[in-house]
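Taken in order, the sequence shown gives residues 19 to 268; the numbers are from the working numbering. Accompanying notes for the structure given below.
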Amino acid sequence: MNTLQILQDVRDGKLSPEDAEVMLKAEPFVELGYAKPDTHRRIRQGATEVIYGAGKTPEQTAGIVKALMEGGAGCVLVTRAPDETASLIKERYSDTEHHPDCGIVIVGKKPEPSKNSLVCVVSAGTSDMKVAEEAAFTAEAEGSRVVRIYDAGVSGIHRLLYKTDDLLRARAVVVVAGMEGALPSVVGGLVDVPVLAVPTSVGYGASFGGVTALLSMMNSCSSDVSVVNIDNGFGAGYIASMIDRRSAPL
């Protein structure tokens, strides 16, 4: 619940001023020793803190999930979660989605998108789908409706063009591509909304683990293209959802 929602609930009689005061004055983080989960992230930014699962033990991640859920988060997103971490969380929370191909775990009920919400996630090839799915599930967990357009790269551009109607309705577009990274520029020339380009580490030797695609995207001639880090589907999905939620009428 963000600050505006708290104030609206007080106005509508759903929440007492005293309870609202407690919610706003409560310590903005929980001290776990190994982590300080930010329980006021939703109040400040409109979205619950996201947990990066890689490098943490299953118990550590599960402890952070517990702190965020007890702090009022209706939905908690864990990225790059190892299978053993996902298994432990599923044991403790029945309402859990695990998407092992991209390492995403979603705990709790995802926010309901507005009727005008739409983020398109486009991948150049099937090999880019892992990163694209990270972006798509992130946007969904943050409250956006997502349309996936996969395996629609420039080597067969007609596969993209037959989805033009979806692209033109989107409020933000995530484009995921490896190799030479040309697809975001093409999409950027078709739409009038921000395009979040995600270079992937897919490609042969001279792709340099995604650096070639990264540099290509950063030099895009389409002015509506912005670029996130290599394989950072989460970052693109999160930003796309922020744009979507701010621009989509209720």
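Glycine residues also receive a C-beta, built at the ideal position from the N, C-alpha and C atoms. No experiment lies behind these values; they were computed from the predicted model shown.
Cβ shell of residue i (< 7 Å), same chain only, five flanking positions each side left out
i           : result
residue 190 : 137, 211, 212, 214, 258, 261, 262
residue 148 : 119, 120
residue 59  : 65, 66, 67
residue 198 : 230, 231, 234
residue 265 : 189
residue 28  : 35, 38
Spatial neighbours of residue i in its chain, beta-carbon cut-off 6 Å, leaving aside the 5 residues before and after
i           : result
residue 187 : 136
residue 114 : 107, 108, 125
residue 104 : 116, 123
residue 249 : 149, 218, 219
residue 129 : 161
residue 141 : 147, 150, 168, 194
residue 178 : 170
residue 227 : 219
residue 89  : 57
Anticipated Cβ contact below 8 Å, residue i with residue j, distance rounded
i           : j           : result
residue 145 : residue 220 : 5 Å
residue 173 : residue 196 : That belief does not hold up - the Cβ atoms of residue 173 and residue 196 are roughly 12 Å apart, past 8 Å.
residue 170 : residue 164 : Incorrect: roughly 15 Å between the Cβ atoms, too far for contact.
residue 153 : residue 223 : Not really, about 26 Å apart at Cβ, beyond 8 Å.
residue 86  : residue 57  : 6 Å
Exposure of residue i, with buried meaning 16 or more beta-carbon neighbours within 10 Å
i           : result
residue 31  : exposed
residue 97  : buried
residue 94  : buried
residue 151 : buried
residue 73  : exposed
residue 83  : buried
residue 51  : exposed
residue 40  : exposed
residue 202 : buried
residue 256 : buried
Residue from the options whose Cα sits closest to the Cα of residue i
i           : options            : result
residue 217 : 40, 233, 38, 90    : 233
residue 38  : 22, 93, 56         : 22
residue 239 : 205, 60, 116, 178  : 205
residue 54  : 69, 245, 241       : 69
residue 71  : 33, 116, 63        : 116
residue 245 : 208, 200, 183, 223 : 200
residue 100 : 150, 181, 192, 80  : 80
residue 143 : 159, 133, 130, 167 : 167
residue 182 : 42, 139, 128       : 139
residue 92  : 73, 111, 127       : 127
residue 208 : 78, 184, 112       : 184
residue 63  : 78, 76, 46         : 46
residue 110 : 131, 77, 179, 132  : 77
Neighbourhood of residue i by C-beta, 8 Å cutoff - its chain only, sequence neighbours within 5 removed
i           : result
residue 175 : 204
residue 236 : 245
Open item on the list: Suppose only complete runs of 4+ residues qualify. What are the alpha helix (DSSP H) ranges in the segment 101-129, listed by chain order?
Closed with: 101-110
TODO: Go through the segment 167-242 residue by residue and report every complete run of the alpha helix (DSSP H) that reaches 4 residues or more, in order.
DONE: 176-179, 182-187, 201-206, 229-236
Open item on the list: What ranges does the beta strand (DSSP E) occupy inside the segment 125-164, keeping only unbroken runs of at least 3 residues that lie completely in it?
Closed with: 137-141
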